[in-house]
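Counting from 1, one number per residue, gives the positions in the sequence shown under my numbering.
Glycine included, every Cβ here is placed at the ideal spot set by N, Cα and C.
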Amino acid sequence: MHGLLRPIMSVRVIKGEAPIEAPTIPEPTLVELVLGFSKAMAKWVASGRPVVSREILRDRLKACRGCEFWDKRSLFAKCRKCGCRKLKLWMATEQCPLPEPEKRWKAI
Ligand code: SF4
């Protein structure tokens with residue numbers, strides 16, 4: 001399978017010890033990313049492109065930064081659950097992809 005279409009595996013190696021395979025969080029495939037982005041943009045545009053206030057953006061970012069799915073290692077931080085980047089946090093029509101009751105922020 002092509003590298004872009006399968007979850008990324010991670011291995012943590014501690015000097016002098018056998019490699020330990022870290023728990024893998026399955027990330028969305030490229031196809032899922034494209035479909036998810038297209039759907040989110042269509043919904044946002046159809047709603048008149050609403051954006052959240054700076055206060056709500058700050059609250060959303062704070063929730064994401066405290067989440068186990070937030071990947072701050074990449075150049076532009078992203079959510080490993082849905083694959084979205086910070087742009088999604090600005091969009092009022094978007095919500096955290098986690099199911100209830102774990103969902104950390106909702107659409108407005
Ligand atoms: S959108 Fe939800 S799942 Fe993704 S990083 Fe933010 S809080 Fe976590």
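Mark residue i as exposed unless 16 or more other C-beta atoms lie within 10 angstroms of its C-beta, in which case mark it buried.
| i | result |
| --- | --- |
| lysine 72 | exposed |
| proline 28 | buried |
| valine 34 | exposed |
| valine 52 | buried |
| glycine 66 | exposed |
Using only the heavy atoms of ligand 1, determine whether one of them is closer than 6 Å to the beta carbon of residue i.
| i | result |
| --- | --- |
| phenylalanine 69 | yes |
| alanine 77 | no |
| lysine 81 | yes |
| arginine 65 | no |
| arginine 109 | No information on residue 109 is available, as it lies outside the stretch 1 to 108 that the chain covers here. |
| leucine 57 | no |
Taking the DSSP output, what are the residues bridged to residue i?
| i | result |
| --- | --- |
| valine 109 | One cannot answer for residue 109 here, as it falls past the ends of the chain, which runs 1 to 108. |
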